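Number of protein chains: 2
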Amino acid sequence: MSIEQTIANMARDAKEAAKMVARLGTQEKDKALEGIAQKLLDEAATIKGENEKDLKDAREKELSEAMIDRLTVSDAVIESMAQGLRDVAKLPDPVGRVTGMWSRPNGLQVGRVRIPLGVIGMIYESRPNATIDAAGLCLKAGNAVILRGGSEAFHSNAVLAQIIQGALREAGIPEAAAQVVPVPDRAAVNVLLAQEEYLDLIIPRGGEGLIRFVAENSKIPVLKHYKGVCHVYVDKGADLGMAENVSFNAKAQRPGVCNAMETLLVHEAVAESFLPQMAKRFTEAEVELRGCPKTCDMVPEAKPATDEDWPMEYLDLILTVKVVSSMDEAMDHIGKYGSAHTEAILTSDYARARRFLREVDASVVLVNASTRFNDGGELGLGAEIGISTSKLHAYGPMGLEELTTTKFIVFGDGQVRT
Amino acid sequence: MSIEQTIANMARDAKEAAKMVARLGTQEKDKALEGIAQKLLDEAATIKGENEKDLKDAREKELSEAMIDRLTVSDAVIESMAQGLRDVAKLPDPVGRVTGMWSRPNGLQVGRVRIPLGVIGMIYESRPNATIDAAGLCLKAGNAVILRGGSEAFHSNAVLAQIIQGALREAGIPEAAAQVVPVPDRAAVNVLLAQEEYLDLIIPRGGEGLIRFVAENSKIPVLKHYKGVCHVYVDKGADLGMAENVSFNAKAQRPGVCNAMETLLVHEAVAESFLPQMAKRFTEAEVELRGCPKTCDMVPEAKPATDEDWPMEYLDLILTVKVVSSMDEAMDHIGKYGSAHTEAILTSDYARARRFLREVDASVVLVNASTRFNDGGELGLGAEIGISTSKLHAYGPMGLEELTTTKFIVFGDGQVRT
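If you're matching them up, the sequences are chains A and B in order. Per the working numbering, the very first residue in the first sequence carries number 10; after that it's consecutive. Per the working numbering, the very first residue in the second sequence carries number 10; after that it's consecutive.
Dropping the structure here:
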């Protein structure tokens, strides 16, 4: 069968399965999630065996140690996948939740009720855990899902798909509710992105290249973020001890992720008392500093930043630093170079905290807290399937609720329109 | 200046203006809406003079009477546009509304707050009132808007744009917050649909041809519905008097709109007692009936329906009628031919009412009420900028809230991630 035919069949089957999944009760879904979790643990040896094939290929292709690390499915990874499913099972079911109900003068009762989106396509890179995480969240929200992981994780994803589908079968749920694209060929992605008749949403996760490719080629709506160029602004009058801890955490706790800080903005009134000590701490942690001229004057460790630096998402131990003469200058800088992802202010001023929260356009805006909190779990959504930096449907971390929509329900007694 | 340059400049200016509009307080926005309303009334003579130019062209091009009627801006139309703006001014402002706030174990307070989408592009046909309605709703929701009406309303829309911008100027709001594309050329639409750097959303309103063109050519997210193939299902045991009134209203009260019924489904247990009388009422109102074989047996006025009839949106005094042997058959028919727009059941059975509400996939599902209630005003949203039958962001009528999104705000005391 051609790639086109294979994917079209999967998509059609997924749409059919989605109708059934949408009607499942919470207990049925939770039981199926538990079934997958248990099967993962039971089949750990098989999973590791298949994963070993991917790891062997990866070593032959001389992929980086970081890549191989991400690709490895150890017992600990299997346990964490199973625990993740059990955590999702414990989350409240968004489907069927009535988000509002009101009466009209003619006696009609009108409400909005959460319903699943339908069929979701996930396109992601390397880490095989994503297969389990995404399947769990999509199923809990009553959706069918088609998963397309990286070709380097082909064998791992295939065995995970078998496990998921085995558990679905045992739970009386159609296997087509969660499918993995069985074609390593990249052409499969293009074919998947053209199934607008069957798919309702595409969520890509991975590097900017993958995400741009998906966004540019999809006929299906896409929820995505390209990158996180996140700023921390240290206001005049900020608690400088707090500012130092938060800035350090935002940059150095895990520099390779999208919610890590890339640029530190410091009000000139506190720059001299704040920056040298802050720079020392960064330098000790091997963070390379690239500064504006004023920063370089105050911080001997800093190299001059170039125009190419300010819009950069380093995802590395590199930080740009700029001294600003006002909060307006800081917000202008954020408006120009930010990616609408995560922006934080350190301040002790009530009015400026309020203004920053109101005026900064980003999916998550924080006062006196680390940018690293832009995460569905950390913000209390329970789990996260991705982050959106475009405003339609979802802006910020996407949890179970963002995998649903609402429809209107109307209770009448024979009302007609006049 | 080229069309490309003109539109690109408008889009860039709109994005700049959007930042300012997003920060306006409710009173400032409401005052601006009142300013536009007053200016419409003050300049009625000028508006009618410009509208006359469009009407003259329309007569020369021999457009239909219905088209000319839609195009005409009478005193009554001007008063209704002004009243519409005043009604929007009275609606609650969605911007700044906190939709939820909760605490995390580490003491972070996390909330979601409504913010404007940014810049909205409206693409619509003939009726010049849409220019005022759309501008009013977009401004109230804190967005900038670029309006592109039909070329046949070119002069009318141009003078309405002058009035809007004059009122904005007097209110101290940038004129770029509401602009009308000053190019009648259809190429302008393609250029507008490519401004993904500046526009956040496109809403097309008009015939299916226009909407498909926009959906297929837009690089910007589109909220739309193609058509409304709406069904009324009369269940066994339904109150047949109520069923007759609701069905008649759904079809005949205003047949040319998207929420009018196109197909009547009748349970076989009530078909003989219901259909002949119902058919008589439709026939008296000059509704042409096209039925399944069983319907034709019971209703001499009905012509046989063909396979082409069931998916049709007639927007006219034509109705297809089908006798079904069960509610499942009715729901299967709706699943196959419906357009996810509006579906109604007439029933007196509690369990079947619940099942229909739960299982039918449409933006508005009604029990014992006319499909004609799928309308933002009728459902209590205050006003409506369109209807969406795709599930992302909005499903059903879109009011002020659907012209906004939410961002996360986080209040901390120095929290870092561990």
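Backbone N, C-alpha and C define an ideal beta-carbon position, used for all residues, glycine too. None of the values given here were measured: they were computed from a predicted structure.
Along the alpha helix (DSSP H) that carries A:T15, what are the first and last residues, could you check?
In the first sequence, residue 15 of chain A corresponds to position 6, counting from 1. Where A:T15 is concerned, the enclosing alpha helix (DSSP H) starts and stops at I12 to R32.
For A:E69, the three-state DSSP class (helix, strand or coil)
Taking the first residue of the first sequence as 1, we reach residue 69 of chain A at position 60. Note: A:E69 maps to helix in three-state DSSP.
Considering A:M321, what are the terminal residues of the beta strand (DSSP E) in which it resides?
Within the first sequence, numbered from 1, the residue matching residue 321 of chain A stands at position 312. Segment: none, A:M321 is in no beta strand (DSSP E) and carries neither H nor E.
Identify whether B:T3 lies in helix, strand or coil by the three-state DSSP scheme.
The requested residue 3 of chain B does not occur in the structure, where chain B is confined to residues 10 to 427.
Taking C-alpha atoms, which residue in B:Y242, B:L249, B:C239 and B:E134 lies nearest to B:G218?
Residue mapping note: residue 218 of chain B aligns to position 209 of the second sequence, counting from 1. Comparing Cα-Cα distances from B:G218 to each of B:Y242, B:L249, B:C239 and B:E134, the minimum goes to B:E134.
Please state whether the Cβ-Cβ distance between A:I173 and A:A23 is less than 7 Å.
To locate residue 173 of chain A, count along the first sequence from 1; it is residue 164. To locate residue 23 of chain A, count along the first sequence from 1; it is residue 14. No, the Cβ-Cβ distance between A:I173 and A:A23 is not below 7 Å.
CB-CB under 7 Å to B:A339, same chain, minus the five flanking residues each way: which ones, in chain order?
Sequence index remark: in the second sequence, residue 339 of chain B carries index 330 (1-based). Short of 7 Å from the beta carbon of B:A339, and not among the five residues preceding or following it, lie these beta carbons of its own chain, in chain order: Y242, L274 and V333.
Of all the CB atoms in chain B, is at least one closer than 7 Å to the CB of A:Y404?
Position 395 of the first sequence, counting from 1, holds the residue named residue 404 of chain A. Taking Cβ atoms only, chain B reaches closer than 7 Å to A:Y404, which makes this a yes.
Among residues of its own chain, excluding the 5 on either side of A:A294, which ones have a beta-carbon nearer than 6 Å to its beta-carbon?
Looking up residue 294 of chain A in the first sequence gives position 285. Here the set comprises A261.
Can you give, in chain order, each stretch of the beta strand (DSSP E) that sits fully within the region 235-277 of chain A and has at least 3 residues?
Annotation note: the region 235-277 of chain A contains the following uninterrupted beta strand (DSSP E) runs of length 3 or greater, listed N- to C-terminal: 239-243 and 270-276.
Out of curiosity, what's the CA-to-CA distance linking B:G159 and B:L42?
The residue you call residue 159 of chain B lines up with position 150 of the second sequence. The residue you call residue 42 of chain B lines up with position 33 of the second sequence. Taking the straight line from one Cα to the other gives about 24 Å.
Out of B:L49, B:I394, B:T315 and B:V419, point me to the one whose CA is closest to B:Y210's CA.
Reading the second sequence from its first residue, position 201 is the one you call residue 210 of chain B. One point to set straight first is that residue 210 of chain B is Leu, not Tyr, in the sequence displayed. Minimum Cα distance to B:L210 is reached at B:I394.
Under the three-state DSSP convention, the category A:I396 falls into:
Within the first sequence, the letter at position 387 stands for residue 396 of chain A. Reduced to three states, the DSSP call for A:I396 is strand.
Assign A:M407 to one of two classes, buried (16 or more other C-beta atoms within 10 Å of its C-beta) or exposed (fewer than that).
On the first sequence, residue 407 of chain A is found 398 positions in, with the first residue counted as 1. Classification for A:M407: buried.
Going by CA-CA distance only, name the one from B:V86, B:I212 and B:T292 that's closest to B:I327.
Within the second sequence, residue 327 of chain B is the residue found at index 318, counting from 1. Taking only the C-alpha atoms, the option nearest B:I327 is B:T292.
Closest by CA to A:I354, which one among B:I418, B:V238 and B:L401?
Reading the first sequence from its first residue, position 345 is the one you call residue 354 of chain A. Out of B:I418, B:V238 and B:L401, B:I418 has the C-alpha closest to the C-alpha of A:I354.
Report all residues from its chain with a CB closer than 7 Å to the CB of A:W111; omit the five preceding and five following residues, and keep chain order.
Position 102 of the first sequence, counting from 1, holds the residue named residue 111 of chain A. When the five nearest sequence neighbours on each side are left out, the beta carbons in the same chain lying within less than 7 Å of the beta carbon of A:W111 are those of V119, in order along the chain.
Residues of chain A with CB under 8 Å from B:P230, in chain order?
Locating residue 230 of chain B in the second sequence gives position 221, counting from the first residue. At a beta-carbon threshold of 8 Å, the residues of chain A lying near B:P230 are P230, S399 and L401, ordered along the chain.
Of all the alpha helix (DSSP H) runs that stay within the bounds of the region 108-150 of chain A, which reach a length of 4 or more residues?
Taken in chain order, the whole alpha helix (DSSP H) runs of length 4 or more contained in the region 108-150 of chain A are 138-149.
Since A:A17 and A:R95 are thought to touch, with beta carbons under 8 Å apart, how far apart are those beta carbons, to the nearest angstrom?
Position 8 of the first sequence, counting from 1, holds the residue named residue 17 of chain A. Position 86 of the first sequence, counting from 1, holds the residue named residue 95 of chain A. The pair is not a contact, with the Cβ atoms about 35 Å apart (cut-off 8 Å).
Would B:A75 be called buried (16 or more neighbouring beta carbons within 10 Å of its own) or exposed?
Locating residue 75 of chain B in the second sequence gives position 66, where the first residue counts as 1. Counting Cβ neighbours within 10 Å, B:A75 comes out exposed, since fewer than 16 surround it.
Look at the alpha carbon of B:V296 and the alpha carbon of B:M321, and state the distance between them as a whole number of angstroms.
Taking the second sequence and counting its residues from 1, the one referred to as residue 296 of chain B is at position 287. Taking the second sequence and counting its residues from 1, the one referred to as residue 321 of chain B is at position 312. Looking at the two C-alpha atoms, the distance is approximately 15 Å.
Take the Cβ of A:P101 as the centre, count every other Cβ of all protein chains shown within 10 Å, and call the residue buried at 16 or more, exposed below.
Mapped onto the first sequence, residue 101 of chain A falls at position 92. Exposed: under 16 other Cβ atoms inside 10 Å.
When we look at the beta-carbon of A:T329 and count the other beta-carbons within 10 Å, is it buried (16 or more) or exposed?
Walking along the first sequence from the start, residue 329 of chain A turns up at place 320. By the 10 Å Cβ count, A:T329 comes out buried.
Give the list of continuous beta strand (DSSP E) stretches no shorter than 3 residues that lie fully inside the region 199-239 of chain B.
Scanning the region 199-239 of chain B from its first residue to its last, the whole beta strand (DSSP E) runs of 3-plus residues come out as 210-214.
Quick check on A:V154: does DSSP put it in helix, strand or coil?
Start at 1 with the first residue of the first sequence, and residue 154 of chain A comes out as number 145. Reduced to three states, the DSSP call for A:V154 is strand.
Taking the straight line between their C-alpha atoms, what separation do you get for B:P313 and A:A392?
Against the second sequence, residue 313 of chain B aligns to sequence position 304. Against the first sequence, residue 392 of chain A aligns to sequence position 383. Put simply, the backbone Cα of B:P313 is about 54 Å away from that of A:A392.
Beta-carbon of A:K245 versus every beta-carbon of chain B: anything under 7 Å?
Along the first sequence, one-based indexing puts residue 245 of chain A at 236. False, the Cβ-Cβ gap to chain B never drops below 7 Å.
Nearest to A:G93 (by Cα), restricted to the options A:G145, A:L126 and A:R68
Here residue 93 of chain A refers to the residue found at position 84 when the first sequence is read from its first residue. Of the candidates A:G145, A:L126 and A:R68, A:G145 places its Cα closest to the Cα of A:G93.
Write down the C-beta distance between B:V238 and B:Y404 rounded to the nearest angstrom, noting that I regard them as a contact closer than 8 Å.
Taking the first residue of the second sequence as 1, we reach residue 238 of chain B at position 229. Taking the first residue of the second sequence as 1, we reach residue 404 of chain B at position 395. Wrong, their Cβ atoms sit about 16 Å apart, outside the cutoff.
Could you give the residue range of the beta strand (DSSP E) that holds B:G300?
As a first step, residue 300 of chain B is located in the second sequence; it is residue number 291 there, counting from the start. It spans E297 to G300 - the beta strand (DSSP E) in which B:G300 sits, taken as one unbroken run.
Inter-stretch contact (C-beta, 8 Å, three-pair minimum) for the region 226-238 of chain A and the region 196-207 of chain A
Judged by Cβ distances under 8 Å, the region 226-238 of chain A makes contact with the region 196-207 of chain A, as three or more pairs qualify.
Let's see if you can read the secondary structure: which residues bound the beta strand (DSSP E) around B:L369?
Numbered from 1 along the second sequence, position 360 holds the residue referred to as residue 369 of chain B. Position check: residue 369 of chain B holds Val in this sequence, whereas Leu was assumed. No beta strand (DSSP E) contains B:V369, which DSSP labels as neither H nor E.
Just to confirm, are A:T356 and A:V373 a CB contact at a threshold of 7 Å?
Position 347 of the first sequence, counting from 1, holds the residue named residue 356 of chain A. Position 364 of the first sequence, counting from 1, holds the residue named residue 373 of chain A. No; because the gap between Cβ atoms is not below 7 Å, this pair is not in contact.
Tell me the DSSP bridge mates of B:L375?
In the second sequence, the residue the question calls residue 375 of chain B occupies position 366. In the DSSP assignment, B:L375 is bridged to A:V419 and B:A353.
What is the DSSP secondary structure of B:I327, reduced to helix, strand or coil?
Here residue 327 of chain B refers to the residue found at position 318 of the second sequence. B:I327 carries a strand assignment under DSSP once its states are collapsed to helix, strand and coil.
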